[in-house]
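S.K.:
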Amino acid sequence: MPSSATVTLFQTLDVESLDSGNQLPGDAVAKVKSQPDFQQGFFGQKLEDPKTWVLATEWSSASAAKQCITDIKDHVRAQETFVYQFDTAVLKAPCTEVFTAFETEEGFEEQVGRFVSAVEGDKLEGYKGADYGAEVKVDGGGTGEKSVRMVIGWVSKEAHVEAKGKPGAIQENIGELRAKRKGVDLFHVNFKEL
Numbered sequence: 070m071p072s073s074a075t076v077t078l079f080q081t082l083d084v085e086s087l088d089s090g091n092q093l094p095g096d097a098v099a100k101v102k103s104q105p106d107f108q109q110g111f112f113g114q115k116l117e118d119p120k121t122w123v124l125a126t127e128w129s130s131a132s133a134a135k136q137c138i139t140d141i142k143d144h145v146r147a148q149e150t151f152v153y154q155f156d157t158a159v160l161k162a163p164c165t166e167v168f169t170a171f172e173t174e175e176g177f178e179e180q181v182g183r184f185v186s187a188v189e190g191d192k193l194e195g196y197k198g199a200d201y202g203a204e205v206k207v208d209g210g211g212t213g214e215k216s217v218r219m220v221i222g223w224v225s226k227e228a229h230v231e232a233k234g235k236p237g238a239i240q241e242n243i244g245e246l247r248a249k250r251k252g253v254d255l256f257h258v259n260f261k262e263l
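Converting from the sequence shown to this note's numbering requires adding 69 to each position, the first position being numbered 1.
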């Protein structure tokens with residue numbers, strides 16, 4: 070299980086939430102960063118869906134994330150909101166793979182841990198680090214079903230595609246991600262710090 074005491078709030082935004090330069094408006098950034106217990110934040114476009122953007126902010130606790138959702142709702146209009154507990158250091162990689170499994174069963178989080186350990190041990194070319202965590206339930210977000218999110222840092226999306234196409238830890242352990250869950254979502258983001 071990941072050891073991070075902080076939580077990360079992921080909010081999916083559409084282009085209508087942004088300014089003319091496809092950035093978060095300055096008042097929205099200021100409002101987020103001025104919240105008590107804000108740790109750090111990241112923002113970027115889904116590479117697979119250029120009309121969708123992701124705001125990932127780290128908070129000292131689930132209650133701080135919950136308060137943020139309430140306090141910034143007039144400044145940041147989120148389509149989806151999820152909160153997970155893991156180390157956000159991987160979001161500083163040039164490209165972050167974001168894998169989410171929905172409606173997971175007991176034991177799935179441990180399977181993801183085994184997958185991450187195998188990838189970490191293989192030191193794939195272009196790999197920058199990984200972490201994972203189960204969804205933390207707070208008011209104002211989530212699906213009601215248990216989900217698990219894994220984030221893997223890469224030098225680029227192409228490095229991830231190349232690594233998964235070669236024999237090694239990803240191919241040998243992909244079965245860990247295919248059992249005990251109903252749905253998945255996968256996208257890549259080149260996050261920039263707020």
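We treat Cβ as the ideally placed atom computed from N, Cα and C, and that holds for glycine. Note that this is a predicted model, so its numbers are computed, not measured.
Based on the DSSP output, what are the partners of LYS261 in its beta bridges?
M.R.: LYS261 pairs with PHE112.
S.K.: For GLU245, I'd like the list of residues in its chain whose CB is within less than 6 Å of its CB, leaving aside the five on either flank, ordered along the chain.
M.R.: These residues qualify, in order along the chain: GLN180, ARG183 and PHE184.
S.K.: Decide if LYS135 is buried, meaning its Cβ has at least 16 other Cβ atoms within 10 Å, or exposed.
M.R.: Answer is buried; the Cβ neighbour count reaches 16.
S.K.: Note down, in chain order, each residue of its chain lying with its Cβ closer than 7 Å to the Cβ of THR81, except the 5 sequence neighbours on either side.
M.R.: Around THR81: THR121, VAL123, ALA147, GLN148 and GLU149.
S.K.: What do you reckon, are the CB atoms on VAL207 and VAL145 nearer than 8 Å?
M.R.: No, these two residues do not count as a Cβ contact at 8 Å.
S.K.: Return yes when the Cβ of PHE155 is within less than 8 Å of the Cβ of VAL253, no when it is not.
M.R.: Cβ atoms of VAL253 and PHE155: not closer than 8 Å.
S.K.: Answer yes or no: do ALA248 and VAL188 have a C-beta to C-beta separation smaller than 8 Å?
M.R.: Taking 8 Å as the Cβ cut-off, ALA248 and VAL188 do not qualify as a contacting pair.
S.K.: Buried or exposed: where does SER89 fall if 16 or more other Cβ atoms within 10 Å of its Cβ makes it buried?
M.R.: Label assigned to SER89: exposed.
S.K.: Please classify ASP200 as buried or exposed, where buried requires at least 16 neighbouring CB atoms within 10 angstroms.
M.R.: Classification for ASP200: buried.
S.K.: Give the range of the beta strand (DSSP E) segment to which GLN104 is assigned.
M.R.: Segment: none, GLN104 is in no beta strand (DSSP E) and carries neither H nor E.
S.K.: With distance defined between alpha-carbon atoms, name the residue in ASN91, CYS164 and GLN240 nearest to GLY222.
M.R.: Out of ASN91, CYS164 and GLN240, CYS164 has the C-alpha closest to the C-alpha of GLY222.
S.K.: State the start and end residues of the unbroken alpha helix (DSSP H) segment that holds GLN136.
M.R.: 131-140 is the span of the alpha helix (DSSP H), which, as asked, contains GLN136.
S.K.: Could you compute how far the alpha carbon of TRP128 sits from the alpha carbon of LYS261?
M.R.: In a straight line, the C-alpha of TRP128 is about 17 Å away from that of LYS261.
S.K.: Which ranges would you report for the alpha helix (DSSP H) in the segment 149-222 if only whole runs of at least 4 residues count?
M.R.: Those alpha helix (DSSP H) runs which fall completely within the segment 149-222 and span 4+ residues are 177-191.
S.K.: Locate the alpha helix (DSSP H) running through VAL230, then write down its first and last residues.
M.R.: Run containing VAL230: 226-234, per the alpha helix (DSSP H) assignment.
S.K.: How many angstroms separate the CA atom of SER225 from the CA atom of GLU231?
M.R.: Whole-angstrom Cα-Cα distance: 10 Å.
S.K.: Count the other C-beta atoms from every protein chain shown that fall within 10 angstroms of the C-beta of VAL84, then say buried if there are 16 or more, exposed otherwise.
M.R.: Classification for VAL84: exposed.
S.K.: Applying the 10 Å Cβ sphere with the 16-neighbour rule, what's the burial state of LEU14?
M.R.: Only positions 70 to 263 of the chain appear in this structure, which leaves residue 14 out of reach.
S.K.: Looking only at C-alpha atoms, which of GLU204, LYS115 and THR75 sits nearest to THR126?
M.R.: Of GLU204, LYS115 and THR75, the residue nearest in Cα terms is THR75.
S.K.: Take the Cβ of LEU160 as the centre, count every other Cβ of all protein chains shown within 10 Å, and call the residue buried at 16 or more, exposed below.
M.R.: By the neighbour-count rule (16 or more Cβ atoms within 10 Å), LEU160 is buried.
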